[in-house]
Structure formats: structure tokens, C-alpha cells
Amino acid sequence: MRPDQTLVILQREGTRITARTSEPFIQETAASASEREHEYSHLTTPLRQRGVACTVEYGLSDYIVRAELPDGSSLIISPPQEPATDHPPGYPESWLVTRGHPDDSTLHEVIYDSEPDGPHARHGGSVPRLFAAIDARLDQLGLSPRPEARRLAQESAADAVLHRAGFVPVVLFRERFYRLPSAMTDLVEQRQMVTRAFDMLQAEGFDVSCDPDLLDPSRPPPGDHGLSLGDRLGYLTQSIQSAAHTSEAVAALSELTAPGDGVLQRVVESLNTTADWWEGLGAPADPHYANRLRYITKKLDSYALEIRSMRGDLADRHTDHPDRVQARVDRVAPEEPAGPRVAAALAISPTARRTTLAGLPSASAVRPALPPARPSSAPGR
């Protein structure tokens with residue numbers, strides 16, 4: 007197992023069978039003494055966590071961060087250079103982030119500009135806003151996420167698989183895990199469900215440790231079920247994230263809010279049908295659960311109507327989103343030479359010998375191949 011790979015452990019604990027995810031070890035990348043001196047580690051550490059080599063160099067009048075990307079291009083993160091400003095080291099009142107390539111003069115991209123006349127001026131010297139823009143561009147360029155983000159994504163994906171496999175979540179103080187349903191006491195049925203979860207987890211690329219006694223070797227491996235319904239709806243999120251005009255966001259919202267056959271309407275119908283079915287199970291508490299579910303569904307239906315109305319308001323705006331349109335324009339290489347502010351950020355003075363080099367983190371960003379079929383002997387294979 008890789009140091010940053012999430013392991014799912016299926017095991018018997020007393021009378022119940024549980025599924026737990028183990029947290030990977032994440033090695034922190036230490037900042038160099040020079041970076042600590044100039045207080046730029048809050049910029050270089052997050053970049054190195056994404057596998058980007060960084061240097062801290064002296065620009066025209068202040069220190070800058072140069073990040074070398076896998077495609078040979080470079081990011082320059084710069085405070086105001088010409089004229090210089092008086093500010094705490096590493097915390098200026100604005101930032102300029104550009105991307106260029108030493109062998110391609112046509113590649114010039116302004117990723118973020120919060121200087122007074124820039125498109126992100128309202129954010130000033132905000133580092134979270136700065137990195138939101140940088141991370142969004144690095145995502146588009148295909149760089150791997152930070153280990154912490156990857157770990158949380160892996161755990162969330164494992165939760166989704168266990169949920170669909172029929173396991174029940176347990177959340178306690180400082181502890182969370184999944185277990186088989188409490189009334190599932192038949193050993194054959196338990197093995198079938200554990201085997202199903204094991205196969206589903208492996209199909210998603212997880213490392214899985216399981217006692218072979220909990221598995222049913224006669225159960226055939228599952229076929230390819232393709233994307234889940236939730237994943238198939240993920241394109242709506244992507245459409246909204248990339249929307250540069252209200253009409254593009256409205257198109258995605260329309261799929262959710264359409265009357266009759268919209269996603270939210272279908273969810274309401276499914277929950278109401280579940281309530282009717284649950285009420286007929288025969289236990290004394292079943293009508294209570296059914297009525298509670300109907301109550302929640304009624305509120306959801308009311309919220310769906312409100313969202314549908316808001317979708318209409320957004321459609322009436324019919325305008326560009328200023329940040330998204332600017333981002334699209336910035337990604338187009340200009341024909342004319344870079345402006346003075348950009349040139350100042352890209353320029354390195356003769357004192358660039360002060361450059362501080364830093365290494366890449368050792369963890370690989372490549373996802374491993376799927377593990378072999380479920381084990382027939384020792385657990386933890």
C-alpha cells in the first residue's frame with residue numbers, strides 16, 4: 007500500500023462485522039530556512055504538496071515564488087514590484103500570478119491579479135482567494151491534488167461504496183465506521199454482503215484487507231455497473247463550475263428543477279413511494295418513520311419549488327459572470343507584449359543568485375493498478 011493510499015479493513019468485531027478506513031501517513035514538506043526568513047512557506051508548502059518544485063527568488067524589488075510545472079511552464083507568484091510597497095514579508099496588499107514558458111513566448115497567462123486595477127482587486131492580499139485561483143488552474147492542467155484532499159476524496163469514495171453495498175454508518179465520539187445491519191445474523195447472508203462490498207471496493211481501486219472466512223468464494227465477481235446515478239449527475243456540477251454566462255448555469259439548474267421529470271421532482275416521488283412502502287412493514291414504529299419521511303419530503307418539495315423560482319430569476323439576469331469570463335480571456339495568449347506589471351513580475355534581477363531551491367515530495371501521484379481478485383488465504387492481501 008502506498009503511504010497516501012486509503013486502506014479499507016473488513017473484519018469481525020465481537021458479534022458485528024465492520025468496515026473501517028485507515029488514514030494514510032502524510033509527510034509534511036519542510037520549508038527551507040530562506041523561505042521561513044522571507045515568510046513564503048505559506049505559498050511554497052501548498053504547491054509542493056501538489057508535486058510542484060518551487061524556488062523563492064528576488065524580483066525587481068521584492069521576493070517572488072517561481073513554481074515549475076510538469077509541462078515546462080512556470081508560475082510566478084508576485085507581490086507588487088514596481089513600485090514596491092511597504093508590507094509584512096509574504097503578506098502584501100495584492101498578488102499577481104502569471105504563467106509562461108521559457109521556450110514559448112506566445113504563452114502568457116494571467117491567472118490571478120488582485121492589484122487595484124486587476125479583475126480580482128476586491129480580494130486584495132487574501133491568500134485563500136489566491137490559492138483558490140491557483141488550485142483551479144492546476145486542476146485544469148491535470149496536476150494531482152494535495153494528499154489531504156486526496157485522502158478525504160478516497161474516504162468519501164469508500165463511504166459511498168460501503169453505503170451502496172448495504173452497510174450502515176456509525177458515528178461516535180472520535181470514531182466513525184460502517185457495519186452490517188444489526189438484524190442480519192445469518193452467516194451466509196453476512197458473507198454474501200461482505201463479499202459484495204469487497205468486490206465493489208476492489209473494483210474502485212481500493213486496497214482491502216479482509217478475513218477470508220468472511221468471504222463467499224462461490225459468489226461470482228460483479229459485472230461492470232458503470233457510473234452511479236450520482237456520478238452521472240456530476241456533469242451538472244462541472245457545467246456550473248465552468249459556466250461563463252448565466253444561461254449556461256441555468257441550463258444545468260433546469261435539469262434539477264424541471265417540473266414533472268426534473269431530478270428534484272423524481273427524488274420527491276421516490277421518497278414518497280418509500281414512505282408508503284415503509285408504512286406497510288407492520289412494526290409499531292413504521293407509521294412514525296413513514297410520516298417523518300413524508301414530512302421531510304414535503305419540505306424538500308417546497309424547497310425544490312423555491313429553487314425553481316430562483317432559477318427563473320437567474321435566467322432573467324442573462325449576463326456574463328465577470329470572474330469566469332475574465333478567466334477565459336486570461337487563458338488566451340495575447341499577441342502584444344506583456345504589460346509593465348506583468349513584465350515586472352516575470353523579471354529577475356541579478357541578485358537571483360539568492361534563489362532557494364526545494365525538492366519535490368517523494369509520494370507518487372499515480373494511482374496504483376487494481377489489486378488482484380479477492381484473497382483465498384491470509385487477510386490483508
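Per our numbering, the sequence shown starts with residue 7, numbered consecutively.
In this text, a Cβ means the ideal position worked out from N, Cα and C, and glycines have one as well.
On a predicted model such as this, the values are computed, not experimentally measured, just so you know.
8 angstroms CB neighbourhood of residue i in its chain, flanking five on each side removed
i           : result
residue 313 : 259, 262, 263, 270
residue 245 : 254, 255, 257, 258
residue 16  : 23, 24, 25, 200, 203, 204, 214, 215, 216, 217, 220
Close-in-space but distant-in-sequence residues of the same chain around residue i (CB under 7 angstroms, 5 per side omitted)
i           : result
residue 197 : 220, 221, 222
residue 49  : 71, 83
residue 1   : Past the boundaries of the shown model lies residue 1; the chain is included only from 7 to 387, so the question cannot be answered.
residue 20  : none
residue 225 : 198, 201
residue 278 : 300, 303
residue 285 : 292, 293, 296
Whether residue i touches residue j by CB criterion (9 angstroms)
i           : j           : result
residue 110 : residue 80  : no
residue 256 : residue 321 : yes
residue 65  : residue 87  : yes
residue 206 : residue 175 : no
residue 151 : residue 300 : no
residue 185 : residue 22  : yes
residue 172 : residue 187 : yes
residue 389 : residue 97  : Residue 389 falls outside the range modelled here, since the chain spans only 7 to 387, and no answer is possible.
residue 18  : residue 27  : no
residue 242 : residue 274 : no
residue 95  : residue 46  : yes
residue 99  : residue 131 : yes
residue 310 : residue 268 : yes
residue 276 : residue 330 : no
Cross-strand partners of residue i (DSSP beta bridge)
i           : result
residue 64  : 69
residue 83  : 71, 103
residue 14  : 27, 214
residue 59  : 74
residue 128 : Looking at the DSSP assignment, residue 128 forms no beta bridge with any residue, so it has no partner.
residue 115 : 105
Anticipated Cβ contact below 8 angstroms, residue i with residue j, distance rounded
i           : j           : result
residue 253 : residue 327 : At roughly 11 angstroms, the Cβ-Cβ gap does not stay under 8 angstroms, so residue 253 and residue 327 are not in contact.
residue 5   : residue 137 : Nothing can be reported for residue 5, as the shown portion of the chain is limited to 7 through 387.
residue 102 : residue 123 : Not a contact, Cβ separation roughly 11 angstroms.
Neighbourhood of residue i by C-beta distance below 6 angstroms, restricted to the same chain and skipping five residues each side
i           : result
residue 251 : 326
residue 135 : 129
At what residue ranges does the region 148-234 contain a whole run of the alpha helix (DSSP H), taking only runs of 4 or more?
Counting only runs of 4 or more, we get 153-170, 193-209.
Sequence ranges, alpha helix (DSSP H) only - wholly within the region 270-336, length at least 4:
Entirely contained in the region 270-336, the alpha helix (DSSP H) runs reaching 4 residues are, in chain order, 292-323, 328-336.
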